[in-house]
Amino acid sequence: KPLSFPIVGGPGVQLCISDVLPILAKVLHGHKAEPLHLCHRLDKETTGVMVLARDKEVAHQVQELFRTRQVVKKYWAITVRVPVPSAGVVDIPIVEKEVQGQQQHHKMTLSPSYRMDNGKMVRMRTSRSAHVAVTQYQVLSSTVSSALLELHPVTGVKHQLRVHLSFGLDCPILGDHKYSDWNKLAPQKLSAGTLRKLGLPQSKARHLPLHLHARQLVLPALGSRNEELSLVCRLPRYFVRSLSRLGLELPSQD
Numbered sequence: 001k002p003l004s005f006p007i008v009g010g011p012g013v014q015l016c017i018s019d020v021l022p023i024l025a026k027v028l029h030g031h032k033a034e035p036l037h038l039c040h041r042l043d044k045e046t047t048g049v050m051v052l053a054r055d056k057e058v059a060h061q062v063q064e065l066f067r068t069r070q071v072v073k074k075y076w077a078i079t080v081r082v083p084v085p086s087a088g089v090v091d092i093p094i095v096e097k098e099v100q101g102q103q104q105h106h107k108m109t110l111s112p113s114y115r116m117d118n119g120k121m122v123r124m125r126t127s128r129s130a131h132v133a134v135t136q137y138q139v140l141s142s143t144v145s146s147a148l149l150e151l152h153p154v155t156g157v158k159h160q161l162r163v164h165l166s167f168g169l170d171c172p173i174l175g176d177h178k179y180s181d182w183n184k185l186a187p188q189k190l191s192a193g194t195l196r197k198l199g200l201p202q203s204k205a206r207h208l209p210l211h212l213h214a215r216q217l218v219l220p221a222l223g224s225r226n227e228e229l230s231l232v233c234r235l236p237r238y239f240v241r242s243l244s245r246l247g248l249e250l251p252s253q254d
């Protein structure tokens, strides 16, 4: 899936993935091909691998695999700052809240189950509307001020990876202009050193795309296919270019 391409339509959306599925089916399988079916979704600003099905029944089966968390999902992200420790699990519920101020808007945010009190973990009352959210992460490459992470979302809450990285690990994703600051919607502020490496003035930071890529999906055996299916999508050019400029090493791609 390319950048800035929504999956389904809505207000102000001129073109989306679901609109082009009939055309794509004909290109791949001939003029009489039936439309392809969506099996899951990716956020508009996320790039990477997507699963489509030629058959509606198969699409429902794959959707059930996603719903029951049987599909292994791996994402790559470039972050501002480096998480400590370099590998771990973020297990913090997420809830949607309204942000007050000049720019009233809604964001997903953390709703912790525990807090520290005199050195002890104390259980908190969590919002009934909070969703369980669990993310495994590992640093693949890092410098002093940025990192390339592999992320495995165990759950599938809206904007989970962006919220866990920014508010949970204090390492927002490069180009995340929504979750880099809780109080406002504004272009992400980057250090002078990072801007210099990227060849950008701060005034142009608003044009930085979100560096979050759905790298791999692993589907379990299904129907007549008795082996798991691994799908890998190469990184977009802008992502590779940013890795190079920031001095982050690109892992060997299988």
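Using UniProt numbering, you'd call the opening residue of the sequence shown number 1 and step up by one each time. We put the CB at the ideal spot given by N, CA and C, even for glycine.
| Check | Outcome |
| --- | --- |
| Looking only at DSSP bridge pairs, what is arginine 115 linked to? | Val122 |
| Taking the C-alpha atoms as reference points, what is the distance between threonine 109 and lysine 189? | 19 angstroms |
| In chain order, what residues of the same chain lie with their CB nearer than 7 angstroms to the CB of serine 4, ignoring the 5 residues before and after it? | Lys44, Glu45 |
| Classify tyrosine 114: buried if its beta carbon has 16 or more other beta carbons within 10 angstroms, exposed otherwise. | exposed |
| Do cysteine 16 and threonine 79 come within 7 angstroms of each other at the CB atom, strictly closer than that value? | no |
| Determine the DSSP secondary structure at leucine 28, reduced to helix, strand or coil. | helix |
| Leaving out five residues before and five after cysteine 39 in sequence, what residues of the same chain have Cβ atoms less than 6 angstroms from its Cβ? | Val51, Ala53, Ala59, Val62, Gln63 |
| Out of Val139, His105, Val144, state which residue places its alpha-carbon closest to the alpha-carbon of glycine 193. | Val144 |
| For proline 6 and lysine 158, what's the separation of their Cα atoms in angstroms? | 14 angstroms |
| May I have the straight-line CA-CA distance separating histidine 207 from leucine 243, to the nearest angstrom? | 17 angstroms |
| Tell me whether the beta-carbon of glycine 175 lies closer than 7 angstroms to the beta-carbon of proline 209. | yes |
| In chain order, what are the residue ranges of uninterrupted alpha helix (DSSP H) at least 4 long that sit wholly in the region 6-72? | 17-29, 56-67 |
| For glutamine 103 and leucine 235, what's the separation of their Cα atoms in angstroms? | 34 angstroms |
| Roughly how many whole angstroms lie between the Cα atoms of lysine 184 and glutamate 96? | 15 angstroms |
| Can you name the residues that DSSP bridges to tryptophan 76? | Glu150, His213 |
| State the start and end residues of the unbroken alpha helix (DSSP H) segment that holds tyrosine 179. | Careful: tyrosine 179 lies outside any alpha helix (DSSP H) and carries neither H nor E. |
| Quick check: what's the CA-CA separation for isoleucine 92 versus proline 112? | 5 angstroms |
| Residues bridged to lysine 1 by DSSP? | Answer by DSSP bridge pairing: none, since lysine 1 is not bridged. |
| How would you call alanine 147, buried or exposed, if buried means at least 16 neighbouring beta carbons within 10 angstroms? | buried |
| Looking at the structure shown, is glutamine 160 part of a helix, part of a strand, or coil, going by DSSP? | helix |
| Taking C-beta to C-beta, are proline 35 and leucine 169 nearer than 7 angstroms? | no |
| Using a Cβ-Cβ cutoff of less than 8 angstroms, which residues in the same chain neighbour glutamine 202 once the five nearest sequence positions on both sides are dropped? | Pro187, Lys189, Leu190, Leu195 |
| Just grab the DSSP bridge partners of lysine 189 for me. | Note: lysine 189 sits in no beta bridge, so no partner. |
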